[in-house]
DNA sequence: TCAACAGTTTAGAATAATTATAATGTAGTT
DNA sequence: AACTACATTATAATTATTCTAAACTGTTGA
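In structure tokens, the structure reads:
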């Protein structure tokens, strides 16, 4: 739970001006107990429900991308028509529920360490993301 | 290396009519030594280069999705503005080169078995996909 | 063989997410 | 206060993909 002043400092420290739009977005994204997953549309809706004056969709895009650049958000690799983001920037993986299109965190304790034996010369590994697609188990219960 | 007749049988066997468009797409996709990755656009371009009369883009979409339904293609989970498909339908993972946007197979021998400890009640695991993002290692060579 | 029908193809329109544009606004500095 | 670079905004543009409805074709069975 950060306060407005802390957001201001954090933004300034990373070279982003603390505008009122960015502060509002910080509040919506980071002023929570738990991390969560969202799409740009989710976020824009969330903001407009909480706010009288609206924030332009372009600003939401700009801000989310800026926050991602600065490492305050992670983009999740899933092939969907829209992009998913995560406020949990720690190293972790995901379940994707194909019935509900819902993302669920899979913490590192829930998965054995992944050891990649192959090496691509001249390249370094930036990230290793596991996506576990799940769906209702009805088939097997017949 | 399959012949035209074999494609016809395969299509019929899975309830798809062997039209000349589908046979051409089969040829482009499956008449090769090695499996490969592609986007719809790649495929459409590839076809139009090899063919005088063109295949409608809608048909390419329809066919790729039909082939995916039947299990002849796999879609790769990567967050990009476009969808990537793979003619290698075996269980395997991918490197994604962020410099070139190129996908590289990571065979199962190249990665230790992934053991998921967490269980989501009432849900079965449909797939486990690992995406390893890589990029040039120049930074470290300074 | 051929008519009938369901499955396919097609061009083009529609949709949806995202990015670009260019004018206006604002934070930070002098 | 004034200047400047960065931000926001509405809107247009772009891009991948899906939809639509008409024309076409593979298959079946008389």
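Protein chains in written order, with this note's numbering: chain D, 1 to 142; chain F, 1001 to 1142.
Positions of the beta carbon are idealized from the N, C-alpha and C atoms, including for glycine.
In the DSSP assignment, residue 65 (chain D) falls within the alpha helix (DSSP H) that extends over 57-69. Along the region 95-118 of chain D, going in chain order, the ones with a CB nearer than 9 angstroms to a CB of chain F are 95, 96, 97, 98, 99, 104, 106, 107, 109, 110, 111, 112, 113, 114, 115, 116, 117 and 118. Comparing alpha-carbon positions, the option among F:1013, F:1129, F:1121 and F:1088 lying closest to residue 1114 (chain F) turns out to be F:1129. Inclusion of residue 7 (chain D) and residue 29 (chain D) in the CB contact set at 7 angstroms is not warranted, their separation being larger than that value.
A residue is called buried once 16 or more other Cβ atoms fall within 10 Å of its Cβ, and residue 44 (chain D) is buried on that count. Assigned with DSSP and collapsed to three states, residue 1103 (chain F) falls in strand. The Cβ of residue 1129 (chain F) sits closer than 7 angstroms to at least one Cβ of chain D.
With respect to chain F, the C-beta atom of residue 66 (chain D) has no partner C-beta closer than 7 angstroms. The continuous alpha helix (DSSP H) containing residue 1024 (chain F) extends over residues 1020-1030.
Chain-order list of chain D residues neighbouring residue 1134 (chain F): 120, 123, 124, 125 and 126, by C-beta distance under 8 angstroms. Taken through DSSP and simplified to helix, strand or coil, residue 1034 (chain F) comes out as coil. Between residue 55 (chain D) and chain F, the shortest Cβ-Cβ separation is not below 7 angstroms. Cα atoms of residue 127 (chain D) and residue 1132 (chain F): separation of roughly 6 angstroms, rounded to the nearest angstrom.
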